[in-house]
Amino acid sequence: MTAAWVILTVTSVLFAAREVSSHNDECSNGWTSWKRNTELGYEYKMICWKDYVSEDVALKRCREERADLASIHSKDENDFVTDVAYGVGMSFKSGLKVWIGLHKNKHGGWEWSDGTAYDYKNWDDKQPDNYNGHETESPEDCTQIYSSGKWNDLKCNGLVRKCVCKREWIPLEMEKFK
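The C-terminal residue of the sequence shown carries number 178 in full-length UniProt numbering, and the numbering is unbroken.
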């Protein structure tokens, strides 16, 4: 009887722990500010899923937060987004892919989903490569950021479980005038 109780208890605890983690799609401590000392800055948040999600699902989730997938416009911002994506002290570590908001437009050029200028790039070696040049087989029209901060083009329905969202930070005193 005691052995059966121990097995049942251990199984229940493991199942409960698994259930809690599977329902938590936010894997950060809320929004993290960048350049908050300026009149208008930005804040970032990482979102995680138990299962893989497409770039469209990630973008929709960011927009539910009045945000967009992260756009990056400088080395400093790239370093900051990388820290948000991989340095939050959680169970997701490097090796998992993270969506950012860079994707190909209908003319084949790159653009940010928030409409800001494509004025900075940090592609990994030999990237973007559009699936090693096999565009007709599997076009890679979206972008992930590695734990190194380098970027990789990826299919928009790629195997990704995380994204970084970005929105303007507005001081509370300015918020009441909007």
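All residues carry an ideal CB built from backbone N, CA and C; glycine is no exception.
- Leucine 159 sits in coil when the DSSP states are folded into three classes, being neither helix nor strand.
- Look at aspartate 153 here: in three-state DSSP terms it is strand.
- Contact between the stretch 108 to 122 and the stretch 65 to 73 is present: 3 or more CB-CB pairs across the two stretches fall below 8 Å.
- Between the stretch 142 to 160 and the stretch 53 to 68 there are three or more inter-stretch CB-CB distances shorter than 8 Å, so the stretches are counted as touching.
- Spatial neighbours of tyrosine 146 in its own chain (CB-CB distance under 7 Å, excluding positions within 5 residues in sequence) are listed in chain order as Asp124 and Asn152.
- The alpha carbon of lysine 155 has as its nearest neighbour, out of Asp129, Thr116, Lys45 and Trp169, the alpha carbon of Asp129.
- As the crow flies, the alpha-carbon of aspartate 141 is around 5 Å from that of histidine 103.
- In the three-state reduction of the DSSP assignment, cysteine 27 falls in the coil class.
- About 5 Å separates the beta carbons of arginine 61 and isoleucine 47, which is inside the 8 Å limit, making them a contact pair.
- Rounded to the nearest whole angstrom, the C-alpha separation of valine 81 and threonine 116 is 16 Å.
- In this structure, the straight-line span from the alpha carbon of tryptophan 49 to that of lysine 166 is close to 18 Å.
- Counting along the chain, the unbroken beta strand (DSSP E) around tyrosine 52 starts and ends at 41 to 53.
- For threonine 32, the enclosing beta strand (DSSP E) covers residues 32 to 34.
- Taking 9 Å as the cut-off, the beta carbon of isoleucine 100 is found no closer than this to the beta carbon of valine 57.
- Threonine 143 is bridged by DSSP to Ile100 and Asp153.
- Asparagine 105 and glycine 30 have their C-alpha atoms some 31 Å from each other.
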